[in-house]
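Everything in the sequence shown is counted per my numbering, starting at 11 for the first residue and increasing by one.
Cβ coordinates follow ideal geometry from the N, Cα and C atoms, glycine included.
Owing to the predicted nature of the structure, the values given are computational and were not obtained by experimental measurement.
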Amino acid sequence: MPAWSYIIVAVAAYLLGSIPTGFLVAKAKGIDIRSVGSGNIGATNTFRMVGKTAGIFVLIVDAAKGFAACFLGGLICAYLFPQYIFGNSDADSMARAFVLLKRFGIIAGIFAVLGHNYTCWLKFKGGKGIATTAGVYLALAPLALGIALAVFILAILLTRYVSVGSIAGAIALPTAVWILPQHNLFLGIVTTALGALAIYKHRSNIKRLMQGTESRLGKKSVGQASSLSQTEKEKNGDRQDACPTKTKGEK
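Structure below.
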């Protein structure tokens, strides 16, 4: 395939992945998600700082970006090279078409995650790519994703740390891709790289875990507590301004 076809898919997938869902949802509520909590624009920080509904919405949309990017990659491939996809119906031709579609889907998935992690709309500072990666592998390797999700959930239940679950899932996903039968070499290499990127993006969480300051699930983060404390101070200040202090001569 010509290089320009991969470039088209990469650019389209990057732009789709770069939509900063968490930032936009928080902005609609009058909150700059980058300046509260962990400062991350992903679903976990949105869940803590904006609310459960907002966090779940961001989680779903971020995952949908990854899934849609892979689907988009396949569509672009079919549009540009219909002769390879629809030309013949024999088994060998269909197998080659499947490999080609998957290759374009993998490339689209890579750049969707990169778009989310390094969005051009926020000076190339984005999320950590966990939800978007999950969406990508829902399209490309659902069984491996199921194993990684089980590890993710188990790690959170045992530790109450979302970050530990994310890191465990980032290790489990490439492991599952490699050990499952009929694994794809290109997909295995890409998954390993994306897993390493996810762990790298969690380096601040790892530091807080080592210091014992990482927020557990169900507890307010330090940033949230500070924000709420500041809000309470402002409210108290407003009450004091509204109620003038009595002087000795007043009854």
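Alpha carbon of residue i to alpha carbon of residue j, nearest angstrom
i    : j    : result
D102 : P12  : 22 Å
Y16  : G27  : 16 Å
F96  : R106 : 11 Å
G49  : F108 : 41 Å
S207 : V46  : One detail in the question is off: residue 207 reads as Leu in this sequence, not Ser. Taking the straight line joining both Cα atoms gives about 24 Å.
T56  : A64  : 7 Å
V35  : R170 : 25 Å
V172 : L190 : 26 Å
K270 : A38  : No information on residue 270 is available, as it lies outside the stretch 11 to 261 that the chain covers here.
L85  : N215 : 37 Å
G32  : G83  : 24 Å
H212 : L219 : 10 Å
G76  : D100 : 31 Å
V123 : I51  : 14 Å
G198 : W188 : 6 Å
M59  : D42  : 10 Å
V200 : A158 : 16 Å
Sequence-distant residues of the same chain with beta carbon closer than 6 Å to residue i, five excluded per side
i    : result
A141 : A53, L69, D72 and A73
L132 : P30
G175 : F162, A165 and I166
Contact set for residue i: own chain, Cβ-Cβ below 8 Å, skip 5 residues either direction
i    : result
P152 : none
L110 : M11, C87, F91, Y94 and I95
F196 : R113 and I116
A149 : G76, F77, C80, F81, G115 and G119
Of the listed residues the options, nearest to residue i (C-alpha basis)
i    : options                  : result
L25  : L219, Y89, P92 and A78   : A78
A20  : F81, Y210 and H212       : F81
L168 : L204, L227 and A149      : L227
G139 : S99, A186, I177 and G222 : I177
A118 : V146, M104 and F134      : V146
G279 : W14, Y89, A203 and I209  : The chain is shown from 11 up to 261; residue 279 falls before or after that span and cannot be answered.
A186 : G156, I51, F134 and M59  : G156
F134 : W14, G40 and R44         : R44
Same chain only: Cβ atoms within 7 Å of residue i, ignoring 5 sequence neighbours per side
i   : result
A22 : L82 and I86
- prompt: Considering only residues of the stretch 141-195, which uninterrupted beta strand (DSSP E) runs meet the minimum length of 3 residues and lie entirely inside it, listed in chain order?
  reply: none
query: Counting pairs of Cβ atoms below 8 Å between the stretch 123-130 and the stretch 157-173, do you hit three or more?
result: They do not touch, by the three-pair rule.
task: Spell out a yes or no on whether the stretch 106-125 and the stretch 172-181 are touching, meaning 3 or more CB-CB pairs, one atom from each, closer than 8 Å.
output: no
task: Please go through the stretch 22-62 and give each complete alpha helix (DSSP H) segment of 4 or more residues, from N-terminal end onward.
output: 31-38 and 53-59
field: Sequence ranges, alpha helix (DSSP H) only - wholly within the stretch 66-114, length at least 4
entry: 92-95
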